[in-house]
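Working notes, beginning with the structure itself.
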Amino acid sequence: MEITFKILRFDPDKDKKSYYRKYTVKVEPGMTVLDGLNEIKWRLDGTLAFRRSCRSAICGSCAMTINGVNRLACNSQTLALKRKTIVVEPLRRFPVIKDLIVDMDPFFEKIAIIKPYLIAHSRGGSRERLQSPEDRKLLDEAVTCILCGACTSSCPSYWYNKNYLGPASLFKAYRFIFDSRDEGTEERLGIISDRDGLWRCHSIFNCVEACPKSLNPTYAIAELKKKIVTTKL
Amino acid sequence: MIHHQHDIVIIGAGLAGLRAALETSRVADTAVLTKVYPSRSHSGGAQGGIAASLANESDDNWELHMFDTVKGSDYLGDQDGIEILVKEAPATIIELEHMGVPFSRNADGTIAQRPFGGHSRPRACYASDYTGHVVLHTLYEQGIKQGINVYSEFYVISLIMNQGTCCGVVALDILGGELHLFHSKAVMFATGGYGRAYKITSNAHANTGDGLSIIYRVGIPIEDMEFVQFHPTGLYKHGILVTEGARGEGGYLLNKDGERFMKNYAPEKMELAPRDLTSRAMQTEINEGRGIEGKDYIYIDLRHLGAAKILERLPQIRELAINFVGVDCIKEPIPIQPTAHYSMGGIPTDNRGQVVIDKENTPVKGLYAAGECACVSVHGANRLGTNSLLEATLFGQRAGEAMAEFVQREKEFTPLPENPAKPAEDEIASILKNEGKESVAQIREELQVSMTENCGIFRDEKKLKKELEIIKGLQERYTHIHIDDKGKRCNTDLMEALELGHLLDFAEVIVAGALNRSESRGSHYRVDYPKRDDENWLKHTLAYKTDKGPRFDYKKVVITRYQPIERKY
Chain A
0 MEITFKILRF
10 DPDKDKKSYY
20 RKYTVKVEPG
30 MTVLDGLNEI
40 KWRLDGTLAF
50 RRSCRSAICG
60 SCAMTINGVN
70 RLACNSQTLA
80 LKRKTIVVEP
90 LRRFPVIKDL
100 IVDMDPFFEK
110 IAIIKPYLIA
120 HSRGGSRERL
130 QSPEDRKLLD
140 EAVTCILCGA
150 CTSSCPSYWY
160 NKNYLGPASL
170 FKAYRFIFDS
180 RDEGTEERLG
190 IISDRDGLWR
200 CHSIFNCVEA
210 CPKSLNPTYA
220 IAELKKKIVT
230 TKL
Chain B
0 MIHHQHDIVI
10 IGAGLAGLRA
20 ALETSRVADT
30 AVLTKVYPSR
40 SHSGGAQGGI
50 AASLANESDD
60 NWELHMFDTV
70 KGSDYLGDQD
80 GIEILVKEAP
90 ATIIELEHMG
100 VPFSRNADGT
110 IAQRPFGGHS
120 RPRACYASDY
130 TGHVVLHTLY
140 EQGIKQGINV
150 YSEFYVISLI
160 MNQGTCCGVV
170 ALDILGGELH
180 LFHSKAVMFA
190 TGGYGRAYKI
200 TSNAHANTGD
210 GLSIIYRVGI
220 PIEDMEFVQF
230 HPTGLYKHGI
240 LVTEGARGEG
250 GYLLNKDGER
260 FMKNYAPEKM
270 ELAPRDLTSR
280 AMQTEINEGR
290 GIEGKDYIYI
300 DLRHLGAAKI
310 LERLPQIREL
320 AINFVGVDCI
330 KEPIPIQPTA
340 HYSMGGIPTD
350 NRGQVVIDKE
360 NTPVKGLYAA
370 GECACVSVHG
380 ANRLGTNSLL
390 EATLFGQRAG
400 EAMAEFVQRE
410 KEFTPLPENP
420 AKPAEDEIAS
430 ILKNEGKESV
440 AQIREELQVS
450 MTENCGIFRD
460 EKKLKKELEI
470 IKGLQERYTH
480 IHIDDKGKRC
490 NTDLMEALEL
500 GHLLDFAEVI
510 VAGALNRSES
520 RGSHYRVDYP
530 KRDDENWLKH
540 TLAYKTDKGP
550 RFDYKKVVIT
560 RYQPIERKY
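This is how it looks when you write it as C-alpha cells:
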C-alpha cells in the first residue's frame, strides 16, 4: 500500500523557517520507518538528512518524532502505526541542524556531568571484582540504555528547563550508583540533587512511554530519590 | 581548509579505536575522528560474548584457546599473533571488568561464561546478549573520564603520505561541511568492517569499509580479502544478527522436516560448529530444498530453553525477532538465513598494530591499524565467535602503546607534502560537479545483490568472473553519477557517494582474491576446488592496487605450535 511520509524539513542555509514536505512511498509488510526514509533519500530526494546506522535498535542514531511520539525509526514498523500519513519530525526541543538531524551535544554533555564511569578507589587486583547475580540484576535495564535521547526530548520538565539533567543522564547515574562495585555514590548524589537535578522530575512518565528499549527511567529516578532521602537523613 | 595538529590521529571510535585512545591520550596529544558518534559505533552490535580462558565454568587454559583458534582459522592464522591474543585475553577481560563492564555473573560472583562455536570450553564472557554494547559504552565512559579529544561525525576522505611516511589525514566535518586537515606523527585506522558490500548483512549502514580502500589507494596492500565471514543466523530477509550465544545456550537449527541437520555436518559439535561450516550446512539444506516451506531460510528453535532463560540471557534477540519478523522466540522458532558479518582480511599489520607493506613485513612509518579493518592475522580463514571483541580491545591497546612510544621518540612532525588535501578536494569536487545519469543507490543495490549472489558462501570460477565484470561495469557507471544535494551542511548524499566509491574499490579485491585462490579454506569455499590445498595455498594474499585491477603477492603463514592437519568437528 502507499503511505505518505510528511517530513518536517529545515536547512538553515536555505530556509527561513521549517516546512513539511510530503513523499509517497510504497510500503510492504516488514518495512520500517527507516526503510521508508531510505527509500525517499535513495529514490526521491537525496537532500533529506537524517542519522541512521545499525538499523537494529542498538546504536541509538535514528531517534525522531514519529506521529507525535519519540521513537527509533529503525524499529518502528510502518504498518503497525496504522496511519495513511506518517508525520516525521526531529526530536523535539533539541536544536535542529538540518531536517531530522539535531544537535546532540547538550544531551551528551549532561551525560558527562554525572561522572558516568565506575569510581572504585580500591585496586581491583588480578581477578575480577565479585558481584552477585542479584546485584548485577539491578543494572539490567540501565546498562541497556542506548543514549538515543528519545526520553529527554519527551520530558516536559526538560522543555521547561534546558539545564535539567533529564531522564537519560539520571538513568546513567542510577547505573553507577546501584552498581555494587562503585564507590562514587556520595559524589554523584551530590551532583544529581543539585537544583537542576532529579527533583525536577515530576513523574510525568513521558520518558517511559518514549523509550524505544522499553526501559523505565522514571522508576530509576524514584529509586534515586529514595536513595538520597535515606542516605542524607 | 581548517588545519589541526595532533601527535596521534585515530580513525574510528569502536572498541579498537577507543581502547587505543585510552592508551595514547595519557601521554600524547590524541584526536579520535569518527563518522558516527562513539556510542553509535558498530562494536555495539556484537551480542554473544568476548573470549578468554578464565576457567570460571570448567578447566581451561590459553593453549586450548590457541588450538581452537588456529583450527578455527583453518590454519591460516598467524600463530605468533594468536598466541599473544589468547595469552593476554584473561588480563584484557579483567581490565574491562575493572573499568566497569557489567558482565553477567555466576552464583559465586565471578564472570559468567557460555559455550560458543568452535571453542572447546565455555569461555565467552558475556552480558546477556548485548556484550558489545556494554563494552563499547564502558570504553566510551572511560574516554569521558580521561577527557579524550573526539571529533564526532568527521568522515576521513584521504590519507596523507610523504615519501613513505604517514603524516596525517583529510576529513570532512559531516555536520558543518568543511574539509579539515589533520597533521600528525601517527595515524591509526580502526574503521571496522564492510558488510555493506552485501545485500544481506548483519552490519550497520556505516560499515562501508572506507579504511581499507583509503589504504589501498595509496599503494599499501590489503590482505586476505577473499575471506568473508557469513554468520549462520541472521533474521530472515533483514540479516540482523541473532547471536551465536543463542546456540551457545542450547538453541537448535532445524530444517523443514524439523530435523537437527547439523548432525549430518558436524556430528560432534552440532550447532556449535564454527561459523563457516554451519553457514555452509544451512545453505546446503536450503539449496537442496530443505529450507522451511522449501524457501531460503532455516529455523533456530529456542523454545525448549524456556521463557526464564530466554528473558535473562537473550532478551535483545527476542525483542529483535518480535520487532522485525513478528516472532516471539519463547513460543515460535525464528526464521533465519546466513548473513555477511565479518571481514577476516584487512590492512596488514605486525603484532603491535603497525601497518606492513610487503611479504617481508616492512613497516610503514607512522601508520597503524587494529580491529576488524586490520589483518594481524589472528583469524586466518575463519574467525571464531567472541574472538573479535577480544582482538579489537587487545590489539587496540597494543597499537595504542606502540603509537605512544613512537610519538614520544619521534620529536618532529614529518612535513606535509605539497597540496596534501588535493586528492580529497578533487574527489569531492568531482562528485559535486558530476551531472551524470547514474544513481548512487542503484549502483550500490546492484553491487550488494550481485555480491551476495556471486561471491557468497559457495563460489566458483564462473560466478566470480561474472562478478568481476559486473563490478568493472559498476565502477565505470560510478564515474557518471549525480547527487541531489550540492550543499555543505549535513550532506549525507555526498557521504553515501564517497562510501560507494570505497565499496566498489575493495569489492573488486574480494572477488579477484576469491577467483585467484583456487582452493577451499575456512570461509572461502570454491565449489570447483572443494579441498584445502596446503601445498599451494598455505599463504596470505596481499593485493596491491594497479590500473588493471589488483596485483597479488603472498606472505608466509607463521606456524609455531600447530602444524596443519585435517579440520573436523
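Chains as they are written, first to last, in numbering that gives the first Met the number 0: chain A, 0 to 232; chain B, 0 to 568.
Glycine included, every Cβ here is placed at the ideal spot set by N, Cα and C.
query = Straight-line CA distance for Leu171/B to His182/B?
reply = 14 Å
query = Would you call the segment 512-527 of chain B and the segment 215-233 of chain B touching, i.e. three or more CB-CB distances under 8 Å?
reply = yes
ask   = Relative to chain A, which residues along the segment 58-77 of chain B have a C-beta separation below 8 Å, given in chain order?
value = none
key: Per-residue DSSP class, three states only, for Tyr553/B   = strand
Three-state secondary structure (DSSP) of Tyr22/A = strand
request  = Taking 8 Å as the cut-off, decide whether the C-beta atoms of Ala12/B and Ser57/B are in contact.
outcome  = no
message = Contact criterion: CB-CB distance below 8 Å. Does Pro360/B meet it with respect to chain A?
response = It is Asn, not Pro, that sits at residue 360/B in the sequence shown. No, its Cβ sits nowhere closer than 8 Å to a Cβ of chain A.
task = Answer yes or no: do Glu569/B and Val448/B have a C-beta to C-beta separation smaller than 8 Å?
result = Nothing in the structure corresponds to residue 569/B, since chain B is present only between 0 and 568.
key: Residue from Leu53/B, His136/B, Gln4/B, Asp504/B whose Cα sits closest to the Cα of Gln474/B   = Asp504/B
8 Å CB neighbourhood of Glu426/B in its chain, flanking five on each side removed = Ile156, Ser157, Leu497, Gly500
inquiry  = Counting only beta-carbon separations shorter than 8 Å, does Thr338/B have a partner in chain A?
reply    = no
task = Quick one: give me the first and last residue of the alpha helix (DSSP H) that Lys364/B is part of.
result = Where Lys364/B is concerned, there is no enclosing alpha helix (DSSP H), although the beta strand (DSSP E) it sits in stretches over 362-368.
query = With distances taken between CB atoms, is the gap from Ala205/B to Ala506/B smaller than 8 Å?
reply = no
query = chain A beta carbons: is any one of them nearer than 8 Å to that of Gly43/B?
reply = yes
ask   = Is Phe9/A helix, strand or coil when you go by DSSP?
value = coil
message = Spatial neighbours of Gly399/B within its chain, please: C-beta separation below 6 Å, excluding the five flanking residues on both sides.
response = Ala19, Glu22, Thr23
query = Taking only beta-carbon atoms, is Asn148/B less than 8 Å away from chain A?
reply = no
Closer than 7 Å at the beta carbon, the chain A residues around Glu571/B = In the structure as shown, chain B starts at 0 and stops at 568, and residue 571/B therefore has no counterpart that could be examined.
message = Based on DSSP bridge pairs, tell me the residues matched to Ile65/A.
response = Val68/A, Val87/A
inquiry  = Assuming contact is defined by CB atoms lying nearer than 8 Å, are Ser42/B and Leu135/B in contact in what I supplied?
reply    = yes
message = Ignoring anything shorter than 3 residues, give me the beta strand (DSSP E) runs that lie fully in the segment 155-237 of chain B, in order along the chain.
response = 164-172, 178-188, 227-234
key: N- and C-terminal bounds of the alpha helix (DSSP H) containing Ala167/A   = 165-176
message = Starting from Thr33/B, trace the beta strand (DSSP E) in both directions and tell me its first and last residue.
response = 29-33
inquiry  = Less than 8 Å between the beta carbons of Ala339/B and Thr200/B, yes or no?
reply    = yes
task = Report the three-state DSSP secondary structure of Phe505/B (helix, strand or coil).
result = helix
inquiry  = Output needed in chain order: residues of the segment 201-234 of chain B with a Cβ under 9 Å from some Cβ in chain A.
reply    = Ser201, Asn202, Ala203, His204, Ala205, Asn206, Leu234
task = Assign Ser449/B to one of three DSSP states: helix, strand, or coil.
result = helix
ask   = Ends of the alpha helix (DSSP H) at Gln145/B?
value = 130-145
query = Can the beta-carbon of Tyr553/B be found closer than 8 Å to that of Lys567/B?
reply = no
inquiry  = Against chain A, with Cβ distances strictly below 8 Å, would Glu243/B count as a contact?
reply    = no
ask   = Name the chain D residues that come within less than 7 Å of Arg104/B, Cβ to Cβ?
value = The structure shown contains no chain D; the protein chains it does contain are A and B.
task = Decide yes or no for the touch test of the segment 142-154 of chain B against the segment 203-221 of chain A: beta carbon pairs closer than 8 Å, at least 3 of them.
result = no
ask   = For the segment 400-432 of chain B, which segments carrying the alpha helix (DSSP H) assignment without a break, of at least 4 residues, lie completely within its bounds, in sequence order?
value = 421-432
query = Can you check whether the CB of Arg458/B is closer than 8 Å to the CB of Val526/B?
reply = yes
task = Could you list which residues in chain B have their beta carbon closer than 8 Å to that of Tyr18/A, in chain order?
result = Residues of chain B passing the Cβ test: none, with the nearest at roughly 16 Å.
message = With a threshold of 8 Å between beta-carbons, can Val142/A be considered close to chain B, or not?
response = yes
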